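See below for the structure under consideration.
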Amino acid sequence: MPSALDQRPAPAAAGPRPGPPRRRTRVLALPEARWALAALVLFLLALPPYLLGAPAWLWGTLFAATYVTGGWEPGWEGLKALKDRMLDVDLLMVVAALGAASIGQVLDGALLIVIFATSGALEAVATARTADSVRGLLDLAPSTATRLLPDGTEESVDAARLKAGDTILVRPGERVGGDGRVLDGASDVDQATITGEPLPVAKRAGDEVFAGTVNGTGALRVRVERDPADSVIARIVRMVEEASGTKAPTQLFIEKIEQRYSIGMVVATLAVFAVPLAFGDTLQSALLRAMTFMIVASPCAVVLSTMPPLLSAIANAGRHGVLVKSAVVMERLGQVDAVALDKTGTLTGGVPRVTDIRPLPGSALTGDEVLALAASAEHPSEHPLARAVVDAACEGGLVLADAGDFASVPGRGVTAVVAGRTVQVGSPARLLPADAGPAGREAVRELEDAGRTAVAVLRDGAPVGVLGIADRLRPDAAATVAALTRLTGRPPVLLTGDNERAARHLAAEVGITDVRSGLLPQDKVTAVREEEARGRKVLVVGDGVNDAPALAAAHCGIAMGKAGSDLALETADAVVVRDELATLPAVVNLARAARRLVVQNLVVAGVFITALVAWDLIGTLPLPLGVAGHEGSTVIVGLNGLRLLREAAWTDPAKDTKDTA
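Here the sequence shown is numbered in my numbering, starting from 12 and rising by one per residue.
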């Protein structure tokens, strides 16, 4: 008896693709975080009595404790670097804070310590979270597997003990225990974590399967072909760790020259003090000139030339749904000149939808009737294609009939009795009879040529229609690709584990000509490294576990936030929180604006430093005027950098592309 669709329990909605379980190191488990928090608390306790004029012993004690808790660790690291004949920035910052305190600027020095300790804690947290996600990836592979012995008996063994040549049994719903090849059985396997394909892949004898992928409704006998340490999932772990380790030493440009500048300034200050003294100048005069030189030559304005523009750009991007993890990342984003995009979950939504309904001549059914018939039969199924069919019927307000005698055959489809008629829904290659007629086969061919997955619908053995199912493009995909092409001077590259026909059809829709399909994670890394070997700075955008190695290896990596796997989110340098593709060219544009402001600031700072140093060496620069000039240049470059906080600094090249189309 028919019933309204909204009165029936619908299958579970398709959610994000399975990823590794969450493992989270507690922030306060990190010593850097504990010391930074202690320094911050002590600083906040000292601030009110200092500002209210309380006795010096009270706020002095609290500030001293702030210096110790926040500064001992970076100071110790700096001393160890000094032992290796390196002037570490950690030591310079601590010395600067102590120097500020020695001339009465206790508050400034304490604030410097707190900021520096907090920065170190954030870096430690980011490192720990990346390590967490890599360790969590190992949980994708099952801890145990069912091994079949030569006499036909079964034994449960540790999956890490499997060897090439072992035969394992993978029951419905289980994760595959090792990389291998199917000996017997048929099923659909969800291997999105490895290849990124949006739909489960039919597997039968002779097909390859990967450890950690999820088996569907059929049982498989698999011969293991690789040791666990050499499985695809294990190689993903190694690639992420290696690529992340390679990028870890990266610094801002200003930090690369900071040590040389600092050493030069120290040597020059000593010379400015010693040379006049050697030629008969008084101690007081020589010391005053050297102090003035040290102040006007100090790199404060140079350092502030870099950070305010980059931090302002980070804040502006955050307001628009893009989480950029550090100033180094923002600097890198401004350098990219090539883009590589994942397909499923990045350019597309990652959820299959019914795109075409083709009733066949002679069926006497309308499109809605074909869809309702298929949805009624598919309703008990949990297969992603079945959910897509039922969702389409639900969206169309169609009424479904009760289905009886439901049966599902992996790789073939489903069979059910609907309103007294036997309905089959599934693979055209296996369901359509040889005498199905040219109309049915032509409909299948047209849909598959268009990059769709064709699904045949039969009633009492006679074909009545064909459905086309595909992963839909995001609405702003084409405009985003056009904007990225204009920004970088070349179209993005499409890197996907999906089949070539589907990949090329989608690429043609968005304007991408360079398509690389059927890629495993290591193949994506190879493609990125080939681009960078040509001298390009590549931005990779992806969302899955299979994208993580490429995200880590690229000059810069951005993950889609909503459906992104934990590993992709932690490995990426930035995250598009709301999955809005149009923010990609916008954030690249913003990063380039930040780089331009950095250059402007460096010019301003250089002019001030050069003029003040020349005045001090050639003439007599009054100390107050030197301090005013130094602080003035610092304020100018700081305010200039804050310009990127304005709403007008965020431009949307993708929107401009759509408007001019």
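Think of the CB as a built atom: it goes at the ideal place given N, C-alpha and C, for glycine as much as any other residue.
Note that the structure is a prediction, hence the values are computed from the model and not measured.
Using a Cβ distance threshold of 8 angstroms, determine whether the segment 74-93 contacts the segment 44-60, with at least three qualifying pairs required. With the cut-off at 8 angstroms, the segment 74-93 and the segment 44-60 touch.
Among residues of its own chain, excluding the 5 on either side of LEU656, which ones have a beta-carbon nearer than 7 angstroms to its beta-carbon? SER323, ALA326 and ASN327
If you draw a straight line from the alpha carbon of ASP17 to that of GLY217, how long is it in whole angstroms? Because the pLDDT of ASP17 is 34, which lies under 50, any placement of that residue in the model is unreliable, and the question is left without a value.
Given a cut-off of 8 angstroms on the beta-carbon distance, is the pair ALA467 and LEU442 in contact? Yes, the Cβ-Cβ distance between ALA467 and LEU442 is below 8 angstroms.
Stretch pair the segment 329-338 + the segment 616-631: three plus CB contacts closer than 8 angstroms: no
Does the Cβ of PHE54 have 16 or more other Cβ atoms within 10 Å, making it buried, or fewer, making it exposed? Result: buried.
Residues in its own chain within less than 8 angstroms of ARG45 by CB, not counting five upstream and five downstream? LEU39
For ALA616, count neighbouring Cβ atoms within 10 angstroms of its own Cβ and tell me buried if that reaches 16, exposed if not. Its Cβ being crowded by 16 or more others within 10 Å, ALA616 is buried.
Could you name the residues of the same chain whose beta carbon sits closer than 6 angstroms to that of ALA418, not counting the 5 residues immediately before and after it, in chain order? THR426
At which residues does the alpha helix (DSSP H) containing THR594 begin and terminate? In this chain, the alpha helix (DSSP H) harbouring THR594 covers 594-629.
Classify GLU43: buried if its beta carbon has 16 or more other beta carbons within 10 angstroms, exposed otherwise. buried
Let me make sure I understand the geometry here. Which of ALA414, PHE221 and ASN612 has the alpha-carbon closest to that of ASN557? PHE221
Can you grab the Cα-Cα spacing for the pair VAL181 / VAL225, in whole Å? 9 angstroms
ARG432 - containing beta strand (DSSP E), residue span: 432-437
Note down, one range per segment and in chain order, each beta strand (DSSP E) of at least 3 residues found wholly within the segment 386-445. Counting whole runs of 3 or more residues, the segment 386-445 contains the beta strand (DSSP E) stretches 414-420, 424-429 and 432-437.
Beta-carbon within less than 7 angstroms of ALA388's beta-carbon, same chain only, minus the 5 sequence neighbours each way: which residues are those? Closer than 7 angstroms at the Cβ level, and outside the excluded window around ALA388, lie ALA414, VAL425, ALA427, VAL429, VAL434 and VAL436.
Are there 16 or more other CB atoms within 10 angstroms of the CB of ILE523, so buried, or fewer, so exposed? Classification for ILE523: buried.
Leaving out the 5 sequence neighbours to the left and right, which residues in its chain are closer than 6 angstroms to GLY82 when beta-carbon positions are compared? Annotation for GLY82: VAL105 and ILE124 place their beta carbon closer than 6 angstroms to its own, counting only its chain and skipping 5 residues before and after.
Find the nearest neighbour of LYS354 within the set GLY188, PRO503 and GLU658, judged by alpha-carbon distance. PRO503
I'd like the list of long-range same chain contacts for ARG364, defined as Cβ closer than 8 angstroms, with 5 residues on each side in sequence excluded. ALA399, ASP402, ALA403, ILE480, ALA481, ASP482 and ARG483
7 angstroms CB neighbourhood of LEU498 in its chain, flanking five on each side removed: PRO596, VAL599, ASN600 and PRO664
Check for me: the alpha helix (DSSP H) holding GLY553 runs from which residue to which? Segment 549-553 is the beta strand (DSSP E) holding GLY553; no alpha helix (DSSP H) there.
Run through DSSP, which three-state label would LYS354 get? The answer is helix: DSSP assigns LYS354 an H, G or I state.
Whole-number beta carbon distance between ALA593 and ASP487, since they are thought to touch under 8 angstroms: 5 angstroms
From ASP162, PRO211, THR157 and GLY345, pick the residue whose C-alpha is nearest to that of ARG423; which is it? For the residues ASP162, PRO211, THR157 and GLY345, the minimum Cα distance to ARG423 belongs to PRO211.
Considering only the beta carbon of each residue, do PRO287 and ALA297 sit closer than 8 angstroms? yes
Below 8 angstroms on the Cβ atoms is my contact criterion, and I expect VAL536 with LEU505 to pass it. Report the Cβ-Cβ distance as a whole number of Å. VAL536 to LEU505, Cβ: 16 angstroms. No contact.
Would you say VAL340 and ALA585 are within 8 angstroms of each other, going by their C-beta atoms? yes
Tell me the rounded alpha-carbon separation between ALA308 and LEU495. 41 angstroms
Which class does SER316 belong to by DSSP, given the choice of helix, strand or coil? helix
Going by the DSSP bridge assignment, what does ASN226 pair with across the sheet? DSSP, once it has assigned bridges, lists VAL200 as partnering ASN226.
Keeping to the same chain, check which residues put their C-beta closer than 6 angstroms to that of GLN262; ignore five residues upstream and five downstream. Here the model assigns GLN262 a pLDDT of 49, short of 50, so the residue's position is not dependable, and the following value carries that caveat. Hits under 6 angstroms: none found.
Grab me the residues of LEU344's own chain with a C-beta within less than 6 angstroms of its C-beta, minus the 5 sequence neighbours each way, in chain order. CYS567, VAL599 and ALA602
Apart from the five residues on each side of it in sequence, which residues of its chain come closer than 8 angstroms, Cβ to Cβ, to PRO260? Here the model assigns PRO260 a pLDDT of 46, short of 50, so the residue's position is not dependable and the matter cannot be decided.
How is the beta strand (DSSP E) around GLU166 delimited, first residue to last? Run containing GLU166: 165-169, per the beta strand (DSSP E) assignment.
Counted within 10 angstroms of its Cβ, other Cβ atoms place VAL145 as buried (16 or more) or exposed: In this prediction, VAL145 scores a pLDDT of 49, lower than 50, which makes its location untrustworthy; the coordinate-derived value is nonetheless stated afterwards. That one is buried.
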